[in-house]
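Residue 58 in my numbering sits at position 40 of the sequence shown; the count goes up by one each step and never skips.
For glycine and all other residues, C-beta sits at the position ideal for the given N, C-alpha and C.
Note that this is a predicted model, so its numbers are computed, not measured.
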Amino acid sequence: MRIVYGPIKSLGLGRAIAVDPISRHPKVCNFNCVYCHLGQRGITLLERTNFIDEDSILEQMGDCLYRDQCDAVIFKGTGEPLLASNVFDLARRIREVAPKKVALLTNCSLLREPQVLDELDAFDIIVAKLDAASEETFQEVNRPHHSIHHQEVVEGIKEACRRFRGSFRIQVTLLRENMGELESIAQICRDVGPEYVYLDHPEHCDPMHRVSKREMREAMDKFFGTHCRSSQERE
Ligand code: SF4
């Protein structure tokens, strides 16, 4: 499996090298989102653990870290990157040796854990997923493990944004299923106060979940009062 790949074009981060601290197939996650590009099969995990040895990740990164055409390093995985318990040490080691911004893309399920909150400053940028404003839509879209609830996830996002000293950003994936509560999702974003809100659309999911480009443009108006950007800018 690829542990390090890219550069990829990443919304708001420019050209980034991606690091997968899980590198497992099938995916290892505590959600099973309807739009997941890793497929619907996976291992459900709640406890954080080590998947890949740090030295082998750094070795694979090699001179990627020093290439001028890479602006950032982003941790995104074949599952939730925060389930990898060495992700913070890895981020710190990369920041020590390379002049790159180090970012984390997270589903926010573990932001309720004090130990996780204490270590977030290992990153320069956090991109936090928020696809629902209600428990019902959260269950329908993100399909989390039964012990994870929407309100706790939102509280975790608020607390993480309040404590984090870097750039905190929210990513909303627009789908048929959450179009009806975009105003409420936008209000949560205004309450949290991230630096940016990114509106994304899944490229590889069943067409029944997809929204049109016109709907994506219209959705941006609902996020007034935030610095909102759309993944259409990437295209
Ligand atoms: S959180 Fe990410 S990896 Fe996990 S199921 Fe959702 S899209 Fe897939």
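Which residues in the same chain have their Cβ closer than 8 Å to the Cβ of residue i, if we skip the five residues on either side of it in sequence?
i: N68; result: A102, S103 and N104
i: K119; result: L31, D89, A90, V91, D142 and I143
i: L123; result: I92, F93, K94, P99, V145, K147 and Q189
Can you find the residues in the same chain that come closer than 6 Å, C-beta to C-beta, to residue i, ignoring five residues on each side of it along the sequence?
i: E137; result: F106
i: R66; result: L101 and S103
Counting only the same chain and skipping the five closest in sequence on each side, list residues whose C-beta sits under 7 Å from that of residue i.
i: L108; result: P39, E72 and I75
i: L200; result: A237 and K240
i: E253; result: Unreliable positioning characterises E253 in this predicted model, as indicated by a pLDDT of 49, which lies under 50. A coordinate reading is not provided.
Quick one: using the 10 Å Cβ neighbour count with 16 as the cut-off for buried, is residue i buried or exposed?
i: V190; result: buried
i: F242; result: exposed
i: L64; result: exposed
i: G211; result: exposed
i: K45; result: buried
i: D218; result: buried
i: Y23; result: exposed
By the DSSP assignment, the alpha helix (DSSP H) with residue i in it spans what residues?
i: S185; result: Careful: S185 lies outside any alpha helix (DSSP H), inside the beta strand (DSSP E) at S185 to T191.
i: K27; result: Taken as a continuous stretch (DSSP letters only), K27 belongs to no alpha helix (DSSP H), being part of the beta strand (DSSP E) at V22 to S28.
i: K231; result: K231 to K240
Are the CB atoms of residue i and residue j nearer to each other than 9 Å?
i: I188; j: V134; result: no
i: I61; j: S41; result: no
i: T96; j: H167; result: no
i: V159; j: L193; result: yes
i: R161; j: F93; result: no
i: I206; j: L148; result: yes
i: R33; j: Q78; result: no
For the beta strand (DSSP E) containing residue i, list its first residue and its last residue.
i: F93; result: A90 to F93
i: V215; result: Y214 to D218
Check your understanding: Given 8 Å as the limit, is there contact between the region 51-63 and the region 222-230, that is, 3 or more CB pairs closer than that?
Key -> yes
Check your understanding: Touching or not, the region 121-128 and the region 152-159, by the rule of three or more beta carbon pairs under 8 Å?
Key -> no
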